[in-house]
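Enquirer: Every letter in the sequence shown is one number past the one before it in the working numbering, and letter 138, counting from 1, is 121.
C-beta atoms are modelled at their ideal positions from N, C-alpha and C, and glycine is treated no differently.
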Amino acid sequence: MALRASIQRVSRDLPRLMAKAGAARGMATEKQIFNQIVSTKNIKKITSSMKMVSAAKLKGDETRLALAKPFNQWTDALCGEAVIMEDLDEVTFEELPQKTLLVPISSDKGLCGGINTFISRCTKDAVAKLAAQGKECDVVVIGDKGRSQLSRAIPEKIVRTATEVEAPGTYNLAAALSSELTAAGAADYDAVVLVYNSFVNAATYKQYYKVIKPMVVEGENESMVEYEFEPDVKSEVMTDLYEYVLTSQLYYCFMDGAASEQSSRMTAMENASKNAGEMIDTLTLQYNRARQARITTELIEIISGASALED
């Protein structure tokens, strides 16, 4: 009787002791693996929902971008077309004037792939190339993510930031930010360079920069505007036209950046959901193996106990 009681006690306590030993060696127990599976499934539900939300928002952003393109197309005649950042190795920035204001446009929210990282990287490259040519530049950052990244890399170049920008952007918002740039001394610079993400399709976006120079009233570099002005108001009109060009381009950059952000977030959440599914399959396999090992161990213990009693 004493031997039977001893065997029963060992059989009852052995799984608990083995679980403690496994935990001490750093091996995941069944309960831990099960909890990981549950949490990963919850994450997959969240990322799948975020993908669907981004897909719905992308439709509206594409519509607003299509409406903004003809609204801003007239600025190309005054400022030139935007240049893709992939051409930075070929473009040496020699055409830029001596004093430049860089305006990188990023987002306030994360979980959207590398759109903000690309903007920050392009801005840092532009600062380095301008410095190598002995030219001056300052930075006005739009978006919290760009501010946090660039404040660690080039804090001495940042003169102003604008965060918590309303989404989706409106023309009034663009006008307010244009006023902020004017307050930061945009008119005192030889050129304002906007760095932004441009939407191509639901899976692709590229980085562009556009140079906007102040309107010159007179002299050899006088801006070519085919209008007749009163002599005493030409300077004022040209200043207002410059602010209007800047506002119009900012508005277009907001629409382009918003579509790029949603497309990138949709792709990122799709990849996250796919990775979560693969992790669930791996954890489920580990859980089944651990469960099978536990059941096998218990069967061996029962058979061994029964054999001991027969002996």
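1. Is DSSP giving residue 9 helix, strand or coil here?
2. For residue 54 and residue 154, what's the separation of their Cα atoms in angstroms?
3. Using only the alpha-carbon positions, how far apart do residue 223 and residue 243 sit?
4. Ignoring anything shorter than 4 residues or poking outside the stretch 162 to 196, list the alpha helix (DSSP H) runs there in chain order.
5. Which partner residues of residue 145 appear in the DSSP bridge assignment?
6. Going by C-alpha distance, which of 88, 143, 162 is nearest residue 128?
7. Between which two residues does the alpha helix (DSSP H) harbouring residue 112 extend?
8. Just mark residue 140 as buried or exposed, buried being the case when its beta carbon has 16 or more other beta carbons within 10 Å.
9. Decide if residue 282 is buried, meaning its Cβ has at least 16 other Cβ atoms within 10 Å, or exposed.
10. Are the stretch 170 to 189 and the stretch 88 to 98 touching, with three or more C-beta to C-beta distances below 8 Å?
11. Could you say which of 24, 112, 164 lies nearest to residue 175 if we only look at CA atoms?
12. Would you please state the rounded distance, in angstroms, between the beta carbons of residue 145 and residue 160? I believe it to be under 8 Å.
13. Per DSSP, residue 120 is paired with what?
14. Quick one: Cα of residue 48 to Cα of residue 17, how far?
15. Considering only the alpha carbon of each residue, which of 259, 278, 275 lies closest to residue 22?
16. Run the CB neighbour count on residue 241, radius 10 Å, all protein chains shown included, and call it buried at 16 or more, exposed below.
17. For residue 187, count neighbouring Cβ atoms within 10 angstroms of its own Cβ and tell me buried if that reaches 16, exposed if not.
Expert: To lay it out plainly:
1. As a working mapping, residue 9 is identified with position 26 in the sequence shown. At residue 9, the pLDDT of 43 sits below 50, so the modelled position is not reliable and the matter cannot be decided from this model.
2. Stepping through the sequence shown from its first residue, residue 54 is reached at position 71. Stepping through the sequence shown from its first residue, residue 154 is reached at position 171. If I take the Cα positions, the gap works out to 11 Å.
3. Residue mapping note: residue 223 aligns to position 240 of the sequence shown, counting from 1. Residue mapping note: residue 243 aligns to position 260 of the sequence shown, counting from 1. Their backbone Cα atoms lie some 30 Å apart in a straight line.
4. none
5. Counting from one through the sequence shown, the residue named residue 145 turns up at place 162. 125.
6. One-based indexing of the sequence shown puts residue 128 at position 145. Of 88, 143, 162, the residue nearest in Cα terms is 88.
7. In the sequence shown, counting from the first residue as 1, residue 112 sits at position 129. Unbroken alpha helix (DSSP H) run through residue 112: 98 to 115.
8. For this step, residue 140 is matched to residue 157 along the sequence shown. Residue 140 is buried by the Cβ-count criterion.
9. As a working note, residue 282 is residue 299 in the sequence shown. By the neighbour-count rule (16 or more Cβ atoms within 10 Å), residue 282 is not buried but exposed.
10. yes
11. The residue you call residue 175 lines up with position 192 of the sequence shown. Ranking the options by Cα distance to residue 175, first place goes to 164.
12. Counting from 1 along the sequence shown, the entry for residue 145 is found at position 162. Counting from 1 along the sequence shown, the entry for residue 160 is found at position 177. With a Cβ gap of about 6 Å, residue 145 and residue 160 count as contacting.
13. Along the sequence shown, one-based indexing puts residue 120 at 137. According to DSSP, which records beta bridges pairwise, residue 120 is partnered with 83.
14. The residue given as residue 48 occupies position 65 in the sequence shown. The residue given as residue 17 occupies position 34 in the sequence shown. If you take the alpha carbons of residue 48 and residue 17, they lie about 46 Å apart.
15. Here residue 22 is taken as the residue at index 39 of the sequence shown, counted from 1. Looking at the Cα atoms, 259 is the closest of the given residues.
16. Your numbering for residue 241 matches position 258 in the sequence shown. Answer is buried; the Cβ neighbour count reaches 16.
17. In the sequence shown, the residue the question calls residue 187 occupies position 204. When all chains shown are included, residue 187 counts as exposed.
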